[in-house]
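K.L.:
Residue numbers (my numbering): 110 to 165. Where a beta carbon is used, it is the ideal one built from N, C-alpha and C, also for glycine. In this text, all values refer to a predicted model and were calculated from it rather than measured experimentally. So that we are looking at the same thing, I have put the structure below in structure tokens.
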Amino acid sequence: MTIIQEIHAWSKGLSAWQQDAVARLYQNRTLSISDLDDLYALAKAEAGIPDTDGRK
């Protein structure tokens with residue numbers, strides 16, 4: 110198993126916003142301000158907090 114496969118397998122046990130963060134980091138190697146905003150919205154949604162910008 111390659112390290113990427115191990116990270117992918119490990120990330121399946123994370124919350125949705127964390128899985129999304131791992132995927133974004135794998136794809137772009139960095140997180141933009143927009144990425145951080147999206148991840149924040151996902152984390153809030155997971156906690157039952159509505160996003161004022163309507164993201165899900």
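Would you list, in sequence order, the uninterrupted beta strand (DSSP E) runs of no fewer than 3 residues that lie entirely inside the segment 110-149?
P.N.:
Runs found: none.
K.L.:
May I have the straight-line CA-CA distance separating A156 from E115, to the nearest angstrom?
P.N.:
Going from the Cα of A156 to the Cα of E115 covers about 27 angstroms.
K.L.:
Given 8 angstroms as the limit, is there contact between the segment 157-164 and the segment 125-141, that is, 3 or more CB pairs closer than that?
P.N.:
Output reads no: the segment 125-141 does not touch the segment 157-164.
K.L.:
Quick check on A156: does DSSP put it in helix, strand or coil?
P.N.:
Here A156 sits in coil by DSSP.
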